[in-house]
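>
Residue numbers (this note's numbering): 174 to 1007.
1) Quick one: any contact between the stretch 846–858 and the stretch 425–436, if contact means 3 or more CB pairs under 8 Å?
2) My guess is that residue 143 and residue 768 are in contact by the Cβ rule of under 8 Å, so how many angstroms apart are they, rounded?
3) In the DSSP assignment, the alpha helix (DSSP H) including residue 872 goes from what residue to what residue?
4) Taking the continuous beta strand (DSSP E) assigned at residue 838, which residues delimit it?
5) Given residue 341, which residues of its chain have a CB within under 6 Å of its CB, disregarding the five upstream and five downstream residues?
6) Given this structure, state the Cα-to-Cα distance separating residue 842 from residue 807, to the nearest angstrom.
7) Pick out whichever of 435, 392, 424 has its Cα sitting closest to the Cα of residue 411.
8) Ignoring anything shorter than 4 residues or poking outside the stretch 443–467, list the alpha helix (DSSP H) runs there in chain order.
9) Quick one: give me the first and last residue of the beta strand (DSSP E) that residue 533 is part of.
10) Please work out which residues of its chain come closer than 7 Å, Cβ to Cβ, to residue 880, disregarding the five sequence neighbours upstream and downstream, and give them in chain order.
11) Look up residue 142 in the DSSP assignment and give the residues it is bridged to.
12) With distances taken Cα to Cα, identify the nearest neighbour of residue 677 among 926, 846, 389.
13) Taking all protein chains shown into account, decide if residue 962 is buried (16 or more other Cβ within 10 angstroms of its Cβ) or exposed.
14) Thinking just about the alpha-carbon of each residue, which of 645, 521, 907, 945 is nearest to the one in residue 953?
15) Under the DSSP definition of a beta bridge, which residues are partnered with residue 344?
16) Please report the Cβ distance between residue 347 and residue 363, rounded to the nearest whole angstrom; I am assuming they are in contact, meaning their Cβ atoms lie under 8 Å.
17) List the endpoints of the continuous alpha helix (DSSP H) containing residue 419.
18) So the candidates are 467, 991, 389; which of them puts its Cα closest to the Cα of residue 442?
19) Would DSSP call residue 552 helix, strand or coil?
20) Could you tell me the boundaries of the alpha helix (DSSP H) in which residue 939 lies?
21) Pairing CB atoms from the stretch 967–976 with CB atoms from the stretch 492–511, are three or more of them under 8 Å?
22) From the DSSP output, read off the bridge partner residues of residue 825.
23) Residue 486 and residue 452 - do their beta-carbons sit closer together than 7 Å?
24) Short of 8 Å in beta carbon distance, which residues of its chain neighbour residue 984, apart from the five on each side in sequence? Order them along the chain.
25) Could you name the residues of the same chain whose beta carbon sits closer than 8 Å to that of residue 531, not counting the 5 residues immediately before and after it, in chain order?
26) Please state if the CB of residue 990 and the CB of residue 904 are separated by a distance shorter than 7 Å.
27) Which partner residues does residue 688 have in the DSSP bridge list?
28) In angstroms with no decimal places, state the Cα-to-Cα distance between residue 418 and residue 871.
29) So the alpha helix (DSSP H) residue 667 belongs to, where does it begin and stop?
30) Quick check: residue 749 and residue 765, are their CB atoms within less than 7 Å of each other?
31) Rounding to the nearest angstrom, what Cα-Cα distance links residue 541 and residue 397 in this structure?
32) Taking the C-alpha atoms as reference points, what is the distance between residue 864 and residue 946?
33) Count the other CB atoms within 10 Å of the CB of residue 403; is the residue buried (16 or more) or exposed (fewer)?
34) Exposed or buried, what is residue 785 when buried is set at 16 or more other beta-carbons lying within 10 Å of its beta-carbon?
35) Locate the alpha helix (DSSP H) running through residue 898, then write down its first and last residues.
36) Is the beta carbon of residue 773 sitting closer than 7 Å to the one on residue 801?
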């Protein structure tokens, strides 16, 4: 029905197209000259406008167009992008050869090209956005239904002479005429004169913003319209125009904010409702987008553009090709929750619709990999490698498939033995895997893993028939109860039962091994009763947590940075963005405000930041510090600094009094649209030595505290005397989070070790991490370990209880001695006990 109505309306009202004019240079007149020549120039302008109007009318007749001649023209034409198949790129043009009446009169002088394809939110949103280009920038001027008389408005303000008022009015008339002629650059210079004469001329700010938008000067256009809003904060017209410009330049969140304000003030603004729907669809808010588009057509049943966008919206949602994408997203969700078998089922359905969908193939391969079906995993990885690709993103998946296949082959060869890939796998391989680089060098320099048929011939590879005995069931149940305590109750962190099982097994194993070390040290203390106790077991207890993590999530390169190639670990840095372009990273954006405040505090303390070349940018002059302290966003902070920059936090040393260790780096990098605002933790040999010494000292202090005379001789049930041990565990955890020694998984493994150490000290955490809290960020954004301890102890200590029940658990290593047994244990939660 909607298509029929669209065709009916289309037969009555053809699409409006606009002329394109070459930017001509016209000598600028000063305000005084303008004031003295008002009468003469006014008549000339009126004559020119009449001639231009006749030419425009002739041009419209040639093209069979109908248009309200009372409205000014934005000389921009946008391609109709009704389908993805017909869309290549949308070009907005503001220039011609100066001859009216031509149908192909574009030149390359002032052509601007805007790609309205959206980010990976959805292909639907990008296609819907394409259709919006038919409306184009013409809506910026054609929306003045409530402000038609503003073009002739005189800004007579007390204290401003009549001549100046006339001068401003004349500048506006002349500038609008230049816009209609397509001479946007010259129009801007005329509006500049009007603003110079009267800085509070709202119409001048607005018109200059429109002209700048036509020249793709988005930041300047938004700035001008924002200035106009300062004078008229409730102007529906200006909110509408700024919203459209924000939408055109892909700042969808800002567009939604402006257009929502616009429709709140003017509920009958059909154009604002239409653009609001387009902006909402661009960020994946399809339900709200539909409501906005429906509202537009309800307001005006003959509003062709709203019908077009609504029809395209439905068309894209109903595309059969999108079904495979839906199954991929569903499979991705199940994969994130650790339900790999159900994920395989959904991904297979998606592949039955589109058998070359690389995302489905790669993800299904990793799911097979996770449950130990290495034959099927390698088959899917090979299928990914054989595909013909058409994008960089897909090429990255192809590179990852190569590395994942090699890891699957290695794991298959180790099914009946221990998983110890830190020493077995070449550092260069792990480096290229982490960096997602082309595997050409790896193929040439690194020994390839044996093919599957070799493992099968040697009897190493067979289906893991996991028999769940009572002993194994008891251990897995305990592991699940302990491991679920690592779960963050924050957006983006899905509950993953296999990961909980992995975490619990690792924590129990740490407790079992550390308790043996401490018993040995206590015996030595009783015999020697002198000197501090030393231990070199610090590294091994954390290494043990990595094999189950790597087996559980084979897509994650959980590697020790210090075991990569020398060139890599000399400059590696983990990168955790909070804002990426215009997108708010769902997991980490909640830490944005605090990170921004920490950045301002560091700048206030240091008076400088570093640029991309690591050169110092001095911020102590010309009121820079005051501007930085007033910054309310990373955009404000970037504007104050003036270029891409980074700054480093610090972590005060316990081992060496007065020493500051380099913490994390807060970075702000300008992107094409928006910013990359992130924390980046560097890994350099010097930094490694500092933190290595700090971790060694923290471990020795923990051992001395637990094994010392005061602790050993106290009543076992006296919980208060254990606070020193708890503090020592938290201090060590704080340095671990700041050290960031793993390429992935530092936060999870840090809390797993914390649970294991507390268990070894006979303390069981019976609570959960508070909602909205990410423990690693608390450590990273605090300069003093004692501050981190005080923050965490407020919720951790009340939930600790004395317990020795963990000592009755079976030994983890002997219960699951091989790689295959661990993979099977973490993949068979629903098996029956025998």
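The beta carbon of each residue, even a glycine, is placed where N, CA and C say it ideally should be.
Treat the numbers as computed from the prediction; the structure is a model and nothing was measured.
According to the data block:
1) no
2) Any answer about residue 143 is impossible in this case: the structure gives the chain only from 174 up to 1007.
3) Sequence index remark: in the chain shown, residue 872 carries index 699 (1-based). Residue 872 -> alpha helix (DSSP H) spans 858–880.
4) Within the chain shown, residue 838 is the residue found at index 665, counting from 1. Taken as a continuous stretch (DSSP letters only), the beta strand (DSSP E) holding residue 838 covers 833–843.
5) The residue given as residue 341 occupies position 168 in the chain shown. So the qualifying residues of the chain are 328, 367, 370, 371, 374.
6) Taking the chain shown and counting its residues from 1, the one referred to as residue 842 is at position 669. Taking the chain shown and counting its residues from 1, the one referred to as residue 807 is at position 634. Rounded to the nearest angstrom, the two C-alpha atoms are 10 Å apart.
7) Position 238 of the chain shown, counting from 1, holds the residue named residue 411. Selected option, being the one with the closest Cα: 435.
8) 443–455
9) On the chain shown, position 360 is the one that residue 533 refers to. First-last for residue 533: 531–543, but that is the alpha helix (DSSP H), not the beta strand (DSSP E).
10) Looking up residue 880 in the chain shown gives position 707. 691, 694, 695, 698, 706, listed in sequence order.
11) Outside the displayed span of the chain (174 to 1007) sits residue 142, for which this structure offers no information.
12) To locate residue 677, count along the chain shown from 1; it is residue 504. Cα-wise, what sits closest to residue 677 is 926.
13) One-based indexing of the chain shown puts residue 962 at position 789. Buried is the call here.
14) To locate residue 953, count along the chain shown from 1; it is residue 780. Distances from the CA of residue 953 to each of 645, 521, 907, 945 were compared; the closest alpha carbon is that of 907.
15) Counting from 1 along the chain shown, the entry for residue 344 is found at position 171. Within the DSSP bridge table, the entry for residue 344 names no partner.
16) Stepping through the chain shown from its first residue, residue 347 is reached at position 174. Stepping through the chain shown from its first residue, residue 363 is reached at position 190. Confirmed, Cβ separation roughly 5 Å.
17) Within the chain shown, numbered from 1, the residue matching residue 419 stands at position 246. First-last of the alpha helix (DSSP H) with residue 419: 409–421.
18) Position 269 of the chain shown, counting from 1, holds the residue named residue 442. Here the closest residue by C-alpha is 467.
19) What you label residue 552 is simply residue 379 of the chain shown in a count that begins at 1. In this structure, residue 552 counts as helix in the three-state DSSP scheme.
20) Here the question's residue 939 lines up with position 766 in the chain shown. Residue 939 -> no alpha helix (DSSP H), and no H or E assigned at all.
21) no
22) Position 652 of the chain shown holds residue 825. Looking at the DSSP assignment, residue 825 forms a beta bridge with 833.
23) Position 279 of the chain shown, counted from the first residue, corresponds to residue 452. Position 313 of the chain shown, counted from the first residue, corresponds to residue 486. Their beta carbons are not under 7 Å apart, which means residue 452 does not touch residue 486 by this criterion.
24) Counting from one through the chain shown, the residue named residue 984 turns up at place 811. Here the set comprises 685.
25) As a working mapping, residue 531 is identified with position 358 in the chain shown. Closer than 8 Å at Cβ, skipping near neighbours: 557, 560, 562, 567, 570, 571.
26) As a position in the chain shown, residue 904 is number 731, starting the count at 1. As a position in the chain shown, residue 990 is number 817, starting the count at 1. Going by C-beta atoms, residue 904 is not nearer than 7 Å to residue 990.
27) Taking the chain shown and counting its residues from 1, the one referred to as residue 688 is at position 515. The partner list for residue 688 (beta bridge, DSSP) is empty, contrary to what the question assumes.
28) Within the chain shown, numbered from 1, the residue matching residue 418 stands at position 245. Within the chain shown, numbered from 1, the residue matching residue 871 stands at position 698. Computed Cα separation, rounded: 55 Å.
29) On the chain shown, position 494 is the one that residue 667 refers to. Taken as a continuous stretch (DSSP letters only), residue 667 belongs to no alpha helix (DSSP H), as it is neither H nor E.
30) The residue given as residue 749 occupies position 576 in the chain shown. The residue given as residue 765 occupies position 592 in the chain shown. No, Cβ-Cβ distance for residue 749 and residue 765 is not below 7 Å.
31) Numbered from its first residue, the chain shown carries residue 541 at position 368. Numbered from its first residue, the chain shown carries residue 397 at position 224. Distance between the alpha carbons of residue 541 and residue 397: 55 Å.
32) The sequence position of residue 864 within the chain shown is 691, counting from 1. The sequence position of residue 946 within the chain shown is 773, counting from 1. Their Cα atoms are separated by approximately 25 Å.
33) By one-based count along the chain shown, residue 403 stands at place 230. Exposed, because fewer than 16 other Cβ atoms sit within 10 Å of the Cβ of residue 403.
34) On the chain shown, position 612 is the one that residue 785 refers to. With fewer than 16 other Cβ atoms within 10 Å, it is exposed.
35) Translated into positions along the chain shown, residue 898 becomes position 725. 896–912 is the span of the alpha helix (DSSP H), which, as asked, contains residue 898.
36) Position 600 of the chain shown holds residue 773. Position 628 of the chain shown holds residue 801. Contact check for residue 773 against residue 801 passes: the beta carbons are separated by less than 7 Å.
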